[in-house]
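Numbering (the working numbering), first residue to last: 4 to 324. Below is one structure, written out as structure tokens; the observations come after it.
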């Protein structure tokens with residue numbers, strides 16, 4: 004559904020994205036994570052056809068990402084998504100359905116269904132008078148009015164209360180179950196771990212890890228074994244009525260067991276602790292300096308890199324053509 008090969012984006016002397024390659028399968032939820040300025044938003048905007056790559060190939064739903072025909076198959080949710088605050092939720096969504104040239108009867112049914120699925124209250128109240136959570140739900144509903152095959156969400160749960168956040172994440176799962184392909188970025192790695200089928204980690208403009216969460220844990224994380232003994236050993240420290248050693252291999256577990264037996268005791272419990280995605284991410288991000296500087300000589304292109312101030316990207320379909 005999405006294919007990216009050697010994507011590179013350069014702003015002046017700054018390399019925002021350097022040689023990224025990845026694929027996203029139909030019906031998959033694909034998460035992109037990384038520190039601020041890692042290249043996530045530039046990557047998402049390139050997929051959405053809002054940023055022209057310096058080089059590389061990007062296809063979405065069978066179209067080049069720069070092809071205007073692709074946008075009828077795409078729903079895009081930017082991190083900051085101002086709404087037309089004098090409109091109601093219903094009139095706002097109908098307006099965007101008209102921009103996408105959705106037939107009126109189809110639009111009426113689709114808007115009503117989406118509002119119901121998102122449990123949008125106060126749908127006839129001015130958008131300027133509703134909560135941030137409801138505004139975010141309306142923005143998500145807007146991304147669905149054209150019934151797209153691909154959804155690109157930049158921080159969909161940013162700044163929301165826990166209840167609304169959980170609802171947005173569960174709704175994202177429902178969209179994928181219905182056959183939508185979802186690509187989204189998030190700073191909260193617990194959300195990514197809970198929702199995504201696969202994850203890509205970016206740092207300093209480069210892809211540094213990619214795979215399922217278990218695959219990334221296995222390759223980049225360190226599994227800890229908490230070994231409890233009935234007697235003190237050179238490897239253990241007091242832990243309540245027992246003694247505990249924290250080791251990182253089964254060979255080390257065996258050493259603790261032998262020490263306990265020599266001291267006249269036994270190992271009476273072993274607990275395995277897998278690293279969280281957040282811990283793995285922090286380890287990967289700490290190695291960012293090894294990627295080298297993000298500058299080039301002789302390549303100049305106007306624009307704004309991740310992390311720099313930029314004007315609001317228009318979210319209406321006609322503004323993206």
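Positions of the beta carbon are idealized from the N, C-alpha and C atoms, including for glycine. Since the model is a prediction, treat every value here as computed from it, not as a measurement.
C-alpha of residue 228 to C-alpha of residue 246: approximately 13 Å in a straight line. When 94, 179 and 79 are compared, the shortest CA-CA separation from residue 28 is found for 179.
When DSSP states are grouped into helix, strand and coil, residue 225 belongs to the coil group. The beta carbons of residue 121 and residue 140 sit about 5 Å from each other, so the pair counts as a contact at 8 Å. DSSP, reduced to helix, strand and coil, places residue 90 outside both helices and strands of the structure shown, so it counts as coil.
By alpha-carbon distance to residue 190, the top candidate from 13, 274 and 203 is 203. Beta-bridge pairing by DSSP links residue 6 to 26 and 62. Here DSSP, grouped into helix, strand and coil, assigns residue 241 to strand. Counting only runs of 3+ residues, the beta strand (DSSP E) found wholly inside the stretch 136-180 occupies 153-157, in chain order. DSSP places residue 127 outside both helix and strand once states are collapsed to three, so it counts as coil. Around the beta carbon of residue 101, a 10 Å sphere encloses fewer than 16 other beta carbons of the protein chains shown; the residue is thus reported as exposed. In the DSSP assignment, residue 258 falls within the alpha helix (DSSP H) that extends over 253-265. The bridge partners DSSP lists for residue 12 are 20.
Only residues of its own chain outside the window of five on either side were considered, and among them 35, 36, 37, 157, 188, 205 and 309 have a CB closer than 8 Å to the CB of residue 43, listed in chain order. Here residue 246 is bridged, per DSSP, to 232 and 241. Judged by their CB atoms, residue 78 and residue 154 are nearer to each other than the 9 Å cut-off. At the C-beta level, residue 232 and residue 195 stay beyond 9 Å of one another. Secondary structure at residue 107: helix, using DSSP grouped into helix, strand and coil. Of the residues assessed, residue 14 falls on the buried side of the cut-off, its CB having 16 or more other CB atoms within 10 angstroms. In the three-state reduction of the DSSP assignment, residue 216 falls in the helix class. Contact annotation, residue 33 with residue 185: C-beta distance approximately 7 Å; criterion of less than 8 Å satisfied. Put simply, the backbone Cα of residue 177 is about 11 Å away from that of residue 170. Residue burial is scored here from C-beta neighbours: residue 4 has at least 16 other C-beta atoms within 10 angstroms and is therefore classed as buried.
The Cβ-Cβ distance between residue 92 and residue 130 falls below 9 Å. For the pair residue 25 and residue 16, the Cα-to-Cα distance works out to about 25 Å. Ranked by Cα distance from residue 223, the options 260, 239 and 279 are led by 279.
Using a 10 angstroms sphere on the CB of residue 262, the tally of other CB atoms reaches 16 or more, which defines it as buried. Beta-bridge pairing by DSSP links residue 37 to no other residue. A residue is called buried when at least 16 other Cβ atoms come within 10 angstroms of its Cβ; residue 151 meets this threshold and is buried. Bounds of the alpha helix (DSSP H) holding residue 287 are 280-289. By the neighbour-count criterion, in which 16 or more other beta carbons inside 10 Å mark a residue as buried, residue 126 falls on the buried side. Here residue 69 has 52 and 55 as same chain residues with Cβ atoms under 7 Å from its own Cβ, once five neighbours each way along the sequence are excluded. Annotation for residue 271: the continuous beta strand (DSSP E) segment containing it runs 270-276.
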